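In terms of the UniProt record's numbering, the sequence shown opens at residue 1 and continues consecutively.
Backbone N, C-alpha and C fix where the C-beta goes; we use that ideal spot for every residue, glycine too.
Note that the structure is a prediction, hence the values are computed from the model and not measured.
One structure is given here, and the rest of the page talks about it.
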Amino acid sequence: MLSKLSIYLFLLLIIPDIYIYKSYITKSTGGNPFGWLWFIPSVILLFALVWILLSSRDALAIQHLIGTFTITYMAIVLPKTIFMICSLLDLPLKYLFKWQIQPFSWLGIILGTGMMLMVLYGAIWGKTRFDVKQVTFASPNLPAAFDGYRIAQISDIHTGSWNGDRAALQKAVDLINAQQTNLIVFTGDIVNTKASELEPFENILAQLKAPDGVFSILGNHDYGPYHNWPTTEARDQNIRDVQNKQASMGWQLLNNDHVILKRATDSIALIGVENNGEPPFSQYSDLPKAMEGTEQCSFKLLLSHNPTHWRREVLDTDIDLMLSGHTHAMQFAVGRHSPSRFMYPEWSGLYMEGKQGLYVNVGLGYIGLMPLRFGAWPEITVITLKQLKMEN
1 MLSKLSIYLF LLLIIPDIYI YKSYITKSTG GNPFGWLWFI PSVILLFALV
51 WILLSSRDAL AIQHLIGTFT ITYMAIVLPK TIFMICSLLD LPLKYLFKWQ
101 IQPFSWLGII LGTGMMLMVL YGAIWGKTRF DVKQVTFASP NLPAAFDGYR
151 IAQISDIHTG SWNGDRAALQ KAVDLINAQQ TNLIVFTGDI VNTKASELEP
201 FENILAQLKA PDGVFSILGN HDYGPYHNWP TTEARDQNIR DVQNKQASMG
251 WQLLNNDHVI LKRATDSIAL IGVENNGEPP FSQYSDLPKA MEGTEQCSFK
301 LLLSHNPTHW RREVLDTDID LMLSGHTHAM QFAVGRHSPS RFMYPEWSGL
351 YMEGKQGLYV NVGLGYIGLM PLRFGAWPEI TVITLKQLKM EN
């Protein structure tokens, strides 16, 4: 049975084509049979959609083919849909006011062309247009010795989506190391599903270095929930392989655990929890356990993949700053506007509640089923901690 998504994709594919053919193609060709050539791209996309639905029950196994289909579909179908909607707005002007010009149709051509160019730019260049963001977080709880302490945060690499593009990831790693931060943290989703995705990139990611180390946590994808594992033992072994590969890269995984970072006589706590997601995402975190032994630290920094964890639990603790990822900003944004805002109250950047902060990194990689980024460029965040001096 076709899924609801497949039905929507089919309708979005065919309805604008029929409308444009009836309203414009037949008039411009005078009923010439060659007018039917208009439908060729849509017919090809339709066959591709059916093939994808029938060829595999595991979408990740053919994700690169699906990614190509997604980009082609968006570049062709979305502009037509935008044009159709704008063109329909001209109908009252045409039949009620007898206007000969069609301003909304021309607007549809402009907007549709713009959409096509954004999709193509995001797919060809945008997904590797690495963006280094400089962020300052000030807290009265930060010890003096950590004033000016710099942290590089990366998130959501999704190595299985890179299709072996080692050069692009090497560029990102070089850029991260060039920031010369005191600490590097990774906030989850290093793979899409399988630990084997890491193999072409292990030696590149192992090059990440910082004086106080490289620390990481697991994201929802790292537990392998989107693959049909033959047994639970195979799934559990895959999770262990993801962890072991990170250890071999020199990364320290914080699974409901913490480390104490020291400078001179001062210290801060770096805490990491396993994924804490709202349904249907996995829930493995144990924040109280992770915080045991951090009571002596006046400043606490938490790594937690899903930003919704902040309001569900973290704001009720004395965590000063939480770093997360997960949202990707849906890999599309225009300024501070993204469809991600309809799913996540906090989806990109720094958020404050009193003296407590949350920073959401939109990710370094991308989902292979939608291999593009526009506006929500792949992000490397450099966070500088500052001691906030309280006035007497």
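(request) Measure the Cβ-Cβ separation of Q153 and N361 and say whether it is below 9 Å. (result) Counting from 1 along the sequence shown, the entry for residue 153 is found at position 153. Counting from 1 along the sequence shown, the entry for residue 361 is found at position 361. Yes, the pair counts as a contact, with Cβ atoms nearer than the cut-off.
(request) Consult DSSP for S3 and reduce its assignment to one of helix, strand or coil. (result) Locating residue 3 in the sequence shown gives position 3, where the first residue counts as 1. Note: S3 maps to coil in three-state DSSP.
(message) On the DSSP bridge list, what partners appear for A269?
(response) For the purposes of this step, residue 269 is identified with residue 269 of the sequence shown, where counting begins at 1. Partner(s): I260, K300.
(message) Which residue marks the beginning of the beta strand (DSSP E) containing E233, and which one marks its end?
(response) Looking up residue 233 in the sequence shown gives position 233. E233 -> not in any beta strand (DSSP E); alpha helix (DSSP H) instead, spanning 232-248.
(request) Put W36 into one of helix, strand or coil per three-state DSSP. (result) Position 36 of the sequence shown, counting from 1, holds the residue named residue 36. In the structure shown, W36 sits in a helix (DSSP, three-state: H, G or I).
(request) Would you kindly report the start and end of the unbroken beta strand (DSSP E) that includes Y359? (result) Locating residue 359 in the sequence shown gives position 359, where the first residue counts as 1. Looking at the DSSP string, the run of the beta strand (DSSP E) that includes Y359 is 356-360.
(message) With a threshold of 6 Å on Cβ separation, who are the neighbours of Q243 within its own chain once the five nearest residues in sequence on each side are excluded?
(response) The count along the sequence shown starts at 1 and reaches residue 243 at position 243. L253, listed in sequence order.
(message) Quick check: what's the CA-CA separation for residue 405 versus Q180?
(response) No answer is possible for residue 405: it lies beyond the span of the chain, which begins at 1 and ends at 392.
(request) Compute the distance between the beta-carbons of N276 and S267, then report whether it is under 9 Å. (result) Sequence index remark: in the sequence shown, residue 276 carries index 276 (1-based). Sequence index remark: in the sequence shown, residue 267 carries index 267 (1-based). Contact: no.
(message) Quick check on the DSSP output: what are the complete alpha helix (DSSP H) runs of length 4 or more inside the segment 160-211, in order along the chain?
(response) 166-178, 202-205
(request) Only counting runs of 4 or more residues, tell me where the alpha helix (DSSP H) segments fall wholly within the segment 86-173, in order along the chain. (result) 90-96, 103-124
(request) May I ask you to report which of helix, strand or coil DSSP gives L364? (result) Mapped onto the sequence shown, residue 364 falls at position 364. In this structure, L364 counts as coil in the three-state DSSP scheme.
(request) Compute the Euclidean distance between the alpha carbons of Q387 and E313, then round it to the nearest angstrom. (result) Position 387 of the sequence shown, counted from the first residue, corresponds to residue 387. Position 313 of the sequence shown, counted from the first residue, corresponds to residue 313. Going by the C-alpha atoms only, they are around 25 Å apart.
(message) Less than 9 Å between the C-beta atoms of L287 and T317, yes or no?
(response) Walking along the sequence shown from the start, residue 287 turns up at place 287. Walking along the sequence shown from the start, residue 317 turns up at place 317. Yes, the pair counts as a contact, with Cβ atoms nearer than the cut-off.
(message) Considering only their Cβ atoms, is the gap separating Q356 from A320 smaller than 9 Å?
(response) Here residue 320 is taken as the residue at index 320 of the sequence shown, counted from 1. Here residue 356 is taken as the residue at index 356 of the sequence shown, counted from 1. For clarity, residue 320 is Asp in the given sequence; the question names Ala instead. Yes; because the gap between Cβ atoms is below 9 Å, this pair is in contact.
(request) Identify whether Y284 lies in helix, strand or coil by the three-state DSSP scheme. (result) Sequence index remark: in the sequence shown, residue 284 carries index 284 (1-based). Looking at Y284 - three-state DSSP - the assignment turns out to be coil, as it is neither helix nor strand.
(request) In angstroms with no decimal places, state the Cα-to-Cα distance between S340 and G160. (result) Mapped onto the sequence shown, residue 340 falls at position 340. Mapped onto the sequence shown, residue 160 falls at position 160. One C-alpha to the other measures close to 23 Å.
(request) From the DSSP output, in three-state form, read off S23 for me. (result) Numbered from 1 along the sequence shown, position 23 holds the residue referred to as residue 23. Of the three classes helix, strand and coil, the one that applies to S23 here is helix, per DSSP.
(message) My output table needs one value for K386: the three-state DSSP class, helix, strand or coil.
(response) Within the sequence shown, residue 386 is the residue found at index 386, counting from 1. Note: K386 maps to strand in three-state DSSP.
(request) Note the first and the last residue of the continuous alpha helix (DSSP H) segment covering W310. (result) Working through the sequence shown from its first residue, we reach residue 310 at position 310. Element bounds for W310: 308-312.
(message) Taking 6 Å as the limit between beta carbons, can you name the residues of its chain near A333, skipping five residues before and five after?
(response) Here residue 333 corresponds to residue number 333 of the sequence shown, with the count starting at 1. Around A333: G375, A376.
(request) Check the DSSP bridge columns for Y351 and list the partner residues they point to. (result) Reading the sequence shown from its first residue, position 351 is the one you call residue 351. In the DSSP output, where bridge partners are listed per residue, Y351 has L358.
(request) Evaluate Q331 with the Cβ neighbour count: other Cβ atoms within 10 Å of its Cβ, from every protein chain shown; 16 or more gives buried, anything less gives exposed. (result) In the sequence shown, the residue the question calls residue 331 occupies position 331. Buried, by the Cβ-count rule.
(request) Since I believe H221 is in contact with D189 (beta carbons under 8 Å), could you give me their beta-carbon distance rounded to a whole number of angstroms? (result) The count along the sequence shown starts at 1 and reaches residue 189 at position 189. The count along the sequence shown starts at 1 and reaches residue 221 at position 221. That pair is a contact at about 5 Å.
(request) Check W51 in the structure and name its three-state DSSP category. (result) Taking the first residue of the sequence shown as 1, we reach residue 51 at position 51. Note: W51 maps to helix in three-state DSSP.
(message) Within 8 Å, do at least three Cβ pairs link the segment 199-217 to the segment 159-173?
(response) yes
(message) Is the separation between the beta-carbon of L302 and that of V273 shorter than 9 Å?
(response) Within the sequence shown, numbered from 1, the residue matching residue 302 stands at position 302. Within the sequence shown, numbered from 1, the residue matching residue 273 stands at position 273. Closer than 9 Å, so yes.
(request) Measure the alpha-carbon distance for S155 versus L205 and round it to whole angstroms. (result) On the sequence shown, position 155 is the one that residue 155 refers to. On the sequence shown, position 205 is the one that residue 205 refers to. So the alpha carbons of these two residues sit roughly 13 Å apart.
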